[in-house]
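Residue numbers (the working numbering): 59 to 338.
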């Protein structure tokens with residue numbers, strides 16, 4: 059405590075880590091619209107800068123969540139399978155001050171989206187990034203941003219959308235936090251903010267989606283009810299878009315992190331399989 063230093067006392071997994079090395083990670087910042095945006099890029103264990111790699115943009119939930127220097131299973135699975143993984147903390151993320159965090163209020167899909175695309179643009183300038191093989195994944199608010207992204211750009215060749223907010227209007231009356239959270243985010247009740255909610259709902263842009271979409275959703279999700287994915291699947295299917303929908307029986311909102319191990323494994327397996335299918 060006196061020095062503020064740390065000392066590792068145990069290392070029970072040394073043999074496993076030798077046999078299954080984790081992804082490498084680089085932390086960097088970009089400047090955009092007057093703000094510094096923190097980014098992390100994960101590399102395959104046997105990364106060779108002379109080669110090119112597909113890139114997956116991973117988007118956190120919240121919107122006031124954030125990525126830290128921690129183990130994120132989906133990112134490790136993708137990186138150790140040969141993908142570069144870009145994790146960005148755009149406007150709305152916590153830990154960078156109240157103004158930065160509150161900048162997303164009433165502006166989902168606005169400056170946060172621009173921050174994410176600026177980070178992708180930045181890393182695509184690197185010679186080892188295959189800018190023709192881009193994927194995007196997100197869960198909860200990250201699922202919202204993933205579906206918003208593919209409704210506003212065709213640069214991504216595959217998308218995995220986990221437990222998304224698709225229709226902010228219908229979510230107002232069906233989510234366990236629909237009223238309190240919805241009114242805080244959009245500045246009023248559904249009668250006051252209906253037009254804004256629909257304008258910022260990914261389902262309003264389903265016709266513009268050209269990216270193959272995989273939907274993953276727990277059937278017992280009270281936070282982002284499975285009806286959100288049902289609406290998006292129906293809209294995309296009726297428009298003859300490339301879409302698949304996987305339902306996880308008995309699973310709540312946090313099942314990819316805290317659910318039954320088999321369900322967590324299935325989520326990761328499906329995610330990797332989708333990107334392998336369209337980016338390999």
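Here a beta-carbon is modelled for each residue, glycine too, at the ideal position from N, C-alpha and C.
Which class does residue 95 belong to by DSSP, given the choice of helix, strand or coil? Strand, per DSSP.
Exposed or buried, which one is residue 272 when buried takes at least 16 other CB atoms within 10 Å? buried
Within the same chain, show all residues whose beta-carbon is closer than 6 Å to that of residue 29, passing over the 5 residues directly before and after it, in chain order. It is not possible to answer for residue 29, since the shown part of the chain is limited to 59 through 338.
I need the straight-line Cα distance from residue 213 to residue 292, nearest angstrom please. 23 Å
With DSSP as the reference, label residue 217 as helix, strand or coil. DSSP places residue 217 in strand when its eight states are reduced to three.
Quick check on residue 224: buried or exposed, where buried means 16 or more other Cβ atoms within 10 Å of its Cβ? With 16 or more other CB atoms across the displayed protein chains lying within 10 angstroms of its CB, residue 224 is buried.
Among residues of its own chain, excluding the 5 on either side of residue 163, which ones have a beta-carbon nearer than 7 Å to its beta-carbon? 243
Rounded to whole angstroms, what is the Cα-Cα separation between residue 320 and residue 85? 32 Å
Should residue 208 and residue 269 be called a contact, given that it needs their Cβ atoms to be closer than 8 Å? yes
Just to confirm the assignment, what range does the alpha helix (DSSP H) spanning residue 254 have? From DSSP, the alpha helix (DSSP H) with residue 254 extends over 248-257.
Beta-carbon separation of residue 141 and residue 113 under 8 Å? yes
Just to confirm, are residue 237 and residue 227 a CB contact at a threshold of 8 Å? no
Could you tell me the boundaries of the alpha helix (DSSP H) in which residue 184 lies? It is not in any alpha helix (DSSP H) - residue 184 carries neither H nor E in the DSSP assignment.
DSSP state of residue 149, grouped into three classes? coil
Just the C-alpha distance for residue 211 and residue 318, rounded to the nearest angstrom, thanks. 35 Å
Nearest-angstrom Cα separation, counted from residue 290 out to residue 130: For residue 130 and residue 290, the distance between alpha carbons rounds to 27 Å.
Outcome for residue 221 when other beta-carbon atoms lying within 10 angstroms are tallied against a minimum of 16: Buried, because 16 or more other Cβ atoms sit within 10 Å of the Cβ of residue 221.
DSSP three-state call for residue 116: helix, strand or coil? strand
Can the beta-carbon of residue 103 be found closer than 8 Å to that of residue 111? no
Pick from 308, 305, 326 and 241 that is closest to residue 314, judged by C-alpha positions: 326
What are the partner residues of residue 175, as DSSP defines its beta bridges? Bridge partners of residue 175: none, in fact.
Pick out whichever of 283, 333 and 282 has its Cα sitting closest to the Cα of residue 302. 333
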